[in-house]
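Quick note on the numbering used here: the sequence shown kicks off at 246 and runs consecutively.
Heads up, the thing below is written out as structure tokens.
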Amino acid sequence: MSRRMARLERRDKRMSFMRVALLLGLAVLVLGMLYRLGTGAVSALSRLHRNVEVARFGTLEDKLTGPAIVINKENVVPATADGHFDNMVKEQEKISKGILLGYLVTSQSQVPLRAQESGTFMRQIDGLEDVMQNIDLQSVTPEVFKYKPTPVKADQAAVAGQPLYKIVDSLEPNQLLLHFPLKDVDFEVEPQQQVKIRWGGRELENAVITDMKQDFGELLLMIRFKGFQEELLAQRFIEVEAVFNSYSGYMIPEKALVGSGGEKGIYCSNGEDISFKPVKILKTKDDICIVEGLQQNEMYVTNPPQSK
Numbered sequence: 246m247s248r249r250m251a252r253l254e255r256r257d258k259r260m261s262f263m264r265v266a267l268l269l270g271l272a273v274l275v276l277g278m279l280y281r282l283g284t285g286a287v288s289a290l291s292r293l294h295r296n297v298e299v300a301r302f303g304t305l306e307d308k309l310t311g312p313a314i315v316i317n318k319e320n321v322v323p324a325t326a327d328g329h330f331d332n333m334v335k336e337q338e339k340i341s342k343g344i345l346l347g348y349l350v351t352s353q354s355q356v357p358l359r360a361q362e363s364g365t366f367m368r369q370i371d372g373l374e375d376v377m378q379n380i381d382l383q384s385v386t387p388e389v390f391k392y393k394p395t396p397v398k399a400d401q402a403a404v405a406g407q408p409l410y411k412i413v414d415s416l417e418p419n420q421l422l423l424h425f426p427l428k429d430v431d432f433e434v435e436p437q438q439q440v441k442i443r444w445g446g447r448e449l450e451n452a453v454i455t456d457m458k459q460d461f462g463e464l465l466l467m468i469r470f471k472g473f474q475e476e477l478l479a480q481r482f483i484e485v486e487a488v489f490n491s492y493s494g495y496m497i498p499e500k501a502l503v504g505s506g507g508e509k510g511i512y513c514s515n516g517e518d519i520s521f522k523p524v525k526i527l528k529t530k531d532d533i534c535i536v537e538g539l540q541q542n543e544m545y546v547t548n549p550p551q552s553k
């Protein structure tokens, strides 16, 4: 082979190698660009499908709703003879010991009746006063909630022994007898525990559990208010909401919680970026969590990335 042919052959080989190298370089460049475009698209798509909400402060409660029986310290005064009671004081009027309440008018006389004790005067009598005075919770069954009142009409003639009126000791705190199905109780209930009572759209004074028992698939509680509740004066059977525990903090859906490095937390959003933030879980109820560790109006992701 001539020298000229050899040079041409070497030149062709170099050109061929350069073309292959150029093609490989172009391929790598194209793949790099496609990768960057792909990751950018994934990131954009991720941001596009990121659900973000504002952290809001709220409260979760351990509470039960059910029937209650109002128990007051009540002294019923019966008629000493057949006749008609002509009262001189108003219903639910505060009275003092010795005050003239009215007269028992019989066919032969008019007998003055004076208060034997201080308290609140009431003609409203339901016939359950004596039954409810000394209830022993350990011997009570849920059947007590089926008792039927037998009201005494204030305008009817009285017979000897029939209740005329009662005096309620308004210095003695009211009590409530409560019962709830055990299947509804998914938290701890203990004697001497504080209980918040709501009734009729209002919140009453706090009470404390003085006695309790579990029987017949029911939780029966006796609670005592700290003071006398005037709102319950004329009540016997009522429906109440009893709050046993209350937890306040930032409310987030349980699905927003993730684990990272052995800690529980959430992903907070800052513009297009997200960062993991540990939180302390105070209470979880119905797929909602109360947590500490967030700030007012902080943004968090409700559909976070997979746990690490």
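The beta-carbon is built from N, C-alpha and C at its ideal position, and this holds for glycine as well.
As the structure is a prediction and not an experimental result, all values here were calculated from the model.
Item                                                                                                                         : Value
Selected residue, minimal CA-CA separation from Ile314, among Pro498, Leu382, Leu305, Val350                                 : Leu382
Exposure of Ser520, with buried meaning 16 or more beta-carbon neighbours within 10 Å                                        : exposed
Pro550 to Gly506 span [Cα, whole Å]                                                                                          : 14 Å
Whether Leu539 touches Tyr492 by CB criterion (8 Å)                                                                          : no
Sequence ranges, beta strand (DSSP E) only - wholly within the stretch 471 to 547, length at least 3                         : 482 to 498, 503 to 505, 508 to 515, 518 to 523, 525 to 530, 533 to 537, 544 to 546
Cβ neighbour criterion (16 or more within 10 Å) applied to Gly406                                                            : exposed
Entirely enclosed beta strand (DSSP E) segments - the stretch 350 to 423, minimum 3 residues                                 : 355 to 359, 364 to 367, 408 to 413
Where Asp331 falls: helix, strand or coil (DSSP)                                                                             : strand
Euclidean distance between Cα positions of Asp331 and Val453                                                                 : 40 Å
Endpoints, beta strand (DSSP E) assigned at Asn320                                                                           : 319 to 323
Beta-carbon contacts of Val297 that lie in its chain and below 8 Å, excluding the five residues immediately before and after : Ser514, Met544, Tyr545, Val546, Thr547
Test item: CB-CB of Phe390 and His424 under 8 Å                                                                              : yes
Leu477 burial status per 10 Å Cβ neighbour count (16 or more: buried)                                                        : buried
Boundaries of the beta strand (DSSP E) in which Arg443 is found, first to last residue                                       : 439 to 444
Assigned secondary structure, Leu449 (DSSP; H/G/I helix, E/B strand, else coil)                                              : coil
For Pro426, the residue or residues it bridges with in DSSP                                                                  : Glu463
First through last residue of the beta strand (DSSP E) which encompasses Arg301                                              : 301 to 316
Through-space distance from Gly347 to Lys451, alpha-carbon basis                                                             : Note that residue 451 is Asn in the sequence shown, not Lys. So the alpha carbons of these two residues sit roughly 37 Å apart.
Residue of Asn419, Met367, Leu309 minimising C-alpha distance to Lys398                                                      : Met367
Best match in Pro523, Met263, Leu465, Ile483 for proximity to Val385 [C-alpha to C-alpha]                                    : Leu465
Proximal residues to Ala501 (C-beta, below 7 Å), its chain only, five neighbours per side dropped                            : Ile511, Tyr545, Val546, Thr547, Pro549
Top-ranked residue by Cα proximity to Arg301, from Arg443, Tyr495, Glu499                                                    : Tyr495
Supposed contact pair Lys308 and Ala487 - C-beta distance, whole angstroms, cut 8 Å                                          : 6 Å
Inter-stretch contact at 8 Å, needing at least 3 Cβ pairs: the stretch 321 to 339 / the stretch 408 to 426                   : yes
Own chain residues within Cβ distance below 7 Å of Gly444, not counting five before or after                                 : It is worth fixing the name first, because residue 444 is Trp in this sequence and not Gly. Contacts found: Ile483, Val485.
Beta-carbon contacts of Arg359 that lie in its chain and below 8 Å, excluding the five residues immediately before and after : Gly343, Ile344, Leu345, Leu346
Nearest to Leu416 (by Cα), restricted to the options Gln355, Gln474, Asp327, Gln401                                          : Gln474
Leu422 and Ile380 closer than 8 Å at C-beta                                                                                  : yes
Same chain only: Cβ atoms within 7 Å of Glu374, ignoring 5 sequence neighbours per side                                      : Glu319, Val321, Lys411
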